[in-house]
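Q: Have a look at this one before I ask anything.
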Amino acid sequence: MSRRALSRRTLMAGTAAAAATAGLTGCLQNPSPGGSGGGAVNRYTEGDVPGSGTVTILGAFGGQEQEAFEASLAAFQKESGITIQYTPDQDFTTTIQQRVGAGDAPDIALFPQPGGLFDLAENVTPIDVFLDYDQLNSTLIPGFLDSARLQGRVMGAPMRMACKSLIWYPKAAYDAAGYSTSPATMQELIGIGDQIKASGITPWSDTWGSDQATGWVGTDWIEEYMLRVHGPDVYDDWTSHRIPFNDERVVQVFDLVGELLKTEGNVLGGVDTMINTPFSEAPLPLFENPPRAMLVRQGNFVTGFFPEDVLANIDTEVGVYAMPTWEGGFEGQPILGGGDLAALFNLNDDSAKVMAFLTSDKFGAEWAKAGGWLSPHKTFPQENYADETTRSIAKIASEAAVFRYDGSDLMPNAVGGGTFWTNMVEWLQGTKTSQQACDAIEASWPA
Amino acid sequence: MGIMKDGRRRSLAAMITMPILVILWSIPTLGLLVTSFRTREAAATSGWWTSLWNGGWTLSNYEALLSGSMGTSLINSVVVAIPATVLPIMFAAFAAYAFTFIEFKGKDLLFILIVALMVVPIQVAFQPMLDFFGPRGLGINGQFVAVWILHTGFGMPLAIYTFRNYMASLPHSVVESAKIDGASHFQTFWRLVAPMSSPAIAAFATLQFLWVWNDLLIAKLFLGGGANRTVIVDLQQMLGTQGQGQEILTAGAFLSMIIPMIVFFSLQRFLVRGMTSGAVKG
Chain E
1 MSRRALSRRT LMAGTAAAAA TAGLTGCLQN PSPGGSGGGA VNRYTEGDVP
51 GSGTVTILGA FGGQEQEAFE ASLAAFQKES GITIQYTPDQ DFTTTIQQRV
101 GAGDAPDIAL FPQPGGLFDL AENVTPIDVF LDYDQLNSTL IPGFLDSARL
151 QGRVMGAPMR MACKSLIWYP KAAYDAAGYS TSPATMQELI GIGDQIKASG
201 ITPWSDTWGS DQATGWVGTD WIEEYMLRVH GPDVYDDWTS HRIPFNDERV
251 VQVFDLVGEL LKTEGNVLGG VDTMINTPFS EAPLPLFENP PRAMLVRQGN
301 FVTGFFPEDV LANIDTEVGV YAMPTWEGGF EGQPILGGGD LAALFNLNDD
351 SAKVMAFLTS DKFGAEWAKA GGWLSPHKTF PQENYADETT RSIAKIASEA
401 AVFRYDGSDL MPNAVGGGTF WTNMVEWLQG TKTSQQACDA IEASWPA
Chain R
1 MGIMKDGRRR SLAAMITMPI LVILWSIPTL GLLVTSFRTR EAAATSGWWT
51 SLWNGGWTLS NYEALLSGSM GTSLINSVVV AIPATVLPIM FAAFAAYAFT
101 FIEFKGKDLL FILIVALMVV PIQVAFQPML DFFGPRGLGI NGQFVAVWIL
151 HTGFGMPLAI YTFRNYMASL PHSVVESAKI DGASHFQTFW RLVAPMSSPA
201 IAAFATLQFL WVWNDLLIAK LFLGGGANRT VIVDLQQMLG TQGQGQEILT
251 AGAFLSMIIP MIVFFSLQRF LVRGMTSGAV KG
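Protein chains in written order, with full-length UniProt numbering: chain E, 1 to 447; chain R, 1 to 282.
Laid out in structure tokens, this is it:
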């Protein structure tokens with residue numbers, strides 16, 4: 001999610017995020033008032049601070065996403081009489097720090113990753129103060145609120161979900177060749193890749209280019225494999241640094257990913273093309289006639305980069321299935337994803353109402369129709385999504401046995417937004433072996 | 001081989017080199033212009049130079065751009081850029097005059113201090129200035145006056161330095177004879193020094209205007225993305241989470257270039273005239 005914004009500045013202090021994830025497993029109890037864990041929470045009651053009628057929101061997305069977001073808020077604004085002013089900022093991570101530092105915080109901020117939120121935790125009102133934690137947790141996909149937990153308190157609630165573990169293929173050509181659309185294991189999927197290769201087409205299109213953030217696509221590959229080969233527990237240990245980055249299990253995963261991506265003829269154009277082509281262009285070869293590649297692994301947002309004529313007929317042109325499990329690894333279907341977390345800076349009647357709406361399953365019908373957006377709620381009405389493709393992605397995400405937050409967003413920024421990326425590039429180019437890359441990342445982990 | 005007006009011979013090397021340089025320097029802009037009329041998919045799959053035979057033309061980038069808030073933000077940019085150019089030049093010209101023609105105590109020290117300020121990067125001042133202009137301080141953050149003050153403050157050291165050096169090269173005899181004729185400092189400045197300095201002023205105005213016009217960081221932090229946003233901030237806001245909508249940027253970049261180009265070409269004529277009109281004649 002939003003690594004472009006994140007990459008611009010590396011202001012985020014990594015220690016906060018590290019402390020947060022360490023606290024994550026230690027303190028999983030519900031922090032609601034009167035609960036057994038922690039102290040009692042001072043609940044906010046309506047009327048304590050009257051609102052001004054206007055609520056300001058700062059977020060990272062503009063353009064069409066902004067239009068859809070504002071459309072989703074229109075009915076709410078009319079009903080409640082609250083005016084919402086949304087300001088997008090591509091440099092969200094930096095801007096929010098500066099505005100909070102200057103005492104000019106927006107009422108609500110939409111954080112693309114938990115790390116930035118934890119850095120500003122002392123200015124944020126935890127959601128248990130003004131939201132119904134239990135009700136929220138019962139409709140959300142499990143794991144979301146935990147990723148926003150700092151020292152036992154949940155600092156923000158998701159208002160958008162990204163689902164990463166998706167394999168895309170050009171439906172007509174793929175079905176015509178008769179490949180399986182529901183491989184049970186990664187090994188089976190790799191076997192399909194070999195069949196595609198034998199038919200004379202390159203199986204995978206995978207591109208990593210993302211300016212200063214080049215390498216994040218690679219970190220996603222590693223995270224997907226970590227989840228599948230070693231399971232969520234080891235994954236949590238890994239992202240929270242309870243096991244070192246150069247643990248032999250991580251090195252093994254690097255080797256496995258390398259086997260897939262670096263084997264001659266597996267990925268379109270080979271290593272140089274992968275690094276030098278923008279990540280947004282990965283799906284394009286799939287839609288050429290005949291396709292130059294058959295498979296792309298990328299999150300749900302990649303539909304935004306499909307050619308227009310494909311987007312118009314997405315259900316007939318594109319197929320998608322979940323990246324399967326690893327035979328001999330973790331048994332359930334894991335899903336890697338992310339989400340934008342809404343966090344409250346100025347608590348009053350109006351901003352609390354907006355937060356309640358933003359984070360509920362009532363929010364987003366208009367955005368879902370516009371496309372490119374997924375609700376983090378299991379209970380979100382599926383018929384709101386514009387097409388079958390999106391509905392099937394929502395189904396994949398809500399049926400996942402395990403949902404895990406993108407690991408590089410959880411790691412300290414020096415790693416997750418720095419050395420992890422750069423070492424992935426060097427590893428792909430072959431200037432570093434799996435062991436050397438892992439050693440280098442481990443050495444860069446802030447103490 | 002022809003002979004130029006001033007009697008020198010035309011140089012063959014210059015005649016060949018100049019067009020080549022002009023073409024080379026224009027290529028990126030031309031590429032931008034062509035790309036702004038292409039679809040995102042076409043721009044991603046083939047080079048802009050192949051568009052003549054590959055096609056992929058569209059007007060939708062400009063349509064998407066103009067359906068947004070470009071009109072307002074263009075006006076905002078003008079409202080930001082003109083005072084932010086005029087103010088530093090005005091103050092700096094006064095100061096440079098004083099530093100050149102008036103004797104006062106501590107003049108050199110003060111001048112060195114101001115010149116030293118040139119090396120202070122504007123970025124280090126952001127947080128304290130945000131604090132000062134923000135709700136805890138003056139509360140003018142988000143208003144035009146905040147960016148005017150910032151651009152004036154950070155433009156002035158270089159302006160003072162440039163103007164003083166230029167004024168020092170003006171013939172002192174002119175200023176001295178004005179003094180003998182009984183002209184006050186005010187009259188000397190407006191009637192003599194300011195007109196004679198117009199080349200330096202025009203050159204600096206061009207640079208300052210372009211810098212303010214193209215500025216993203218200060219505009220974003222001190223004006224914000226609200227109703228007062230400038231055209232550059234507006235362009236940046238058209239991007240989605242993963243940079244969706246980049247194709248609109250090429251069109252936007254072209255549109256935002258028009259006004260600086262008008263400024264540049266009109267000031268350039270002024271600049272040349274300023275240089276050719278002599279100060280000490282007859």
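From the three backbone atoms N, C-alpha and C, an ideal C-beta is built for every residue, glycine too.
If we count Cβ pairs, one from each stretch, closer than 8 Å, do we get three or more for the region 267-279 of chain E versus the region 16-27 of chain R?
A: no
Q: Please state whether DSSP places Q435(E) in a helix, a strand or coil.
A: helix
Q: Please report the residue range of the beta strand (DSSP E) in which T93(E) lies.
A: Counting along the chain, T93(E) falls outside any beta strand (DSSP E), though it belongs to the alpha helix (DSSP H) covering 92-101.
Q: Who are the near neighbours of L117(R) in its chain, counting only those whose CB is closer than 7 Å to its CB and skipping five residues on each side?
A: P157
Q: Does any residue of chain E bring its CB to less than 9 Å from the CB of I248(R)?
A: Yes, I248(R) counts as interfacial toward chain E.
Q: How should M411(E) be labelled, buried or exposed, when 16 other C-beta atoms within 10 angstroms of its C-beta is the threshold for buried?
A: buried
Q: Give me the DSSP bridge partner(s) of F403(E).
A: I335(E)
Q: Look at G53(E) and I96(E) and say whether their C-beta atoms are less than 9 Å apart.
A: no
Q: Taking Cβ-Cβ distances below 8 Å as the criterion, which residues of the region 107-138 of chain E are in contact with chain B?
A: Protein chains in the displayed structure are E and R, and chain B is not among them.
Q: Would a check of beta-carbon distances place S280(E) closer than 9 Å to chain R?
A: yes
Q: Quick one: list the residues of chain R neighbouring L307(E), beta-carbon separation under 7 Å, in chain order.
A: This sequence places Pro at residue 307(E); Leu is not what is there. By Cβ distance, chain R contributes E41.
Q: How many Å lie between W190(R) and Q123(R) at the Cα?
A: 35 Å
Q: Could you tell me whether any Cβ in chain R is nearer than 9 Å to the Cβ of G53(E)?
A: no
Q: Distance cutoff 9 Å, beta carbons only. Does M238(R) sit that close to anything in chain E?
A: For M238(R), a Cβ of chain E is located within less than 9 Å of the residue's own Cβ.
Q: Within the chosen definition, does the region 164-184 of chain R reach the region 212-220 of chain R through at least 3 CB pairs nearer than 8 Å?
A: No, the region 164-184 of chain R is not in contact with the region 212-220 of chain R.
Q: Measuring CA to CA, which of A352(E), L256(E), N300(E), A386(E) is closest to W168(E)?
A: Checking every option, the nearest Cα to that of W168(E) belongs to N300(E).
Q: Are A92(R) and G142(R) touching if we call contact CB-CB under 9 Å?
A: In this structure, A92(R) keeps its C-beta atom at 9 Å or more from the C-beta atom of G142(R).
Q: Is Q113(E) helix, strand or coil by DSSP?
A: coil
Q: From which residue to which residue does the beta strand (DSSP E) around P28(R) run?
A: P28(R) -> not in any beta strand (DSSP E); alpha helix (DSSP H) instead, spanning 12-36.
Q: Along the chain, where does the beta strand (DSSP E) containing L295(E) start, and where does it finish?
A: For L295(E), the enclosing beta strand (DSSP E) has its first and last residue at 293-297.
Q: Taking M226(E) as the reference, which of E308(E), E248(E), F363(E), P381(E) has the closest Cα?
A: E248(E)
Q: Would you mind stating whether G218(E) and W204(E) have Cβ atoms separated by less than 9 Å?
A: no
Q: Taking just the CA atoms, how far does A68(E) sit from G364(E)?
A: 9 Å
Q: Are L140(E) and H377(E) closer than 9 Å when you measure CB to CB?
A: Yes, Cβ-Cβ distance for L140(E) and H377(E) is below 9 Å.
Q: To the nearest angstrom, how far is the alpha carbon of Y44(E) from that of G101(E)?
A: If I take the Cα positions, the gap works out to 25 Å.
Q: Could you work out which residue in T239(E), T419(E), V402(E) is closest to W216(E) when comparing CA atoms only?
A: T419(E)
Q: Which residues, in order along the region 130-164 of chain R, keep a beta-carbon less than 7 Å from a beta-carbon of chain E?
A: L130, D131, G134, P135, R136, N141
Q: Answer with yes or no whether the minimum CB distance from L221(R) to chain E is below 9 Å.
A: yes
Q: Have a look at the DSSP bridge pairing and note the partners of I192(E).
A: Beta-bridge pairing by DSSP links I192(E) to no other residue.
Q: If you count every other CB in all the chains shown that lies within 10 Å of the CB of S375(E), and 16 or more means buried, which is it?
A: With a 10 Å radius around the Cβ and a threshold of 16 neighbouring Cβ atoms, S375(E) comes out buried.
Q: Per DSSP, what kind of secondary structure is V320(E) in: helix, strand or coil?
A: strand
Q: Which residues of chain R have a Cβ atom closer than 9 Å to the Cβ of residue 448(E), listed in chain order?
A: The structure shown does not extend to residue 448(E), since chain E is modelled only from 1 through 447, so no value can be given for it.
Q: Decide if W221(E) is buried, meaning its Cβ has at least 16 other Cβ atoms within 10 Å, or exposed.
A: W221(E) is buried by the Cβ-count criterion.
Q: If we cut at 9 Å on Cβ distances, does L284(E) have a partner in chain R?
A: yes
Q: Take the Cβ of D234(R) as the centre, count every other Cβ of all protein chains shown within 10 Å, and call the residue buried at 16 or more, exposed below.
A: buried
Q: Would you list, in chain order, the members of the region 43-64 of chain R that have their beta-carbon closer than 8 Å to a beta-carbon of chain E?
A: A44, T45
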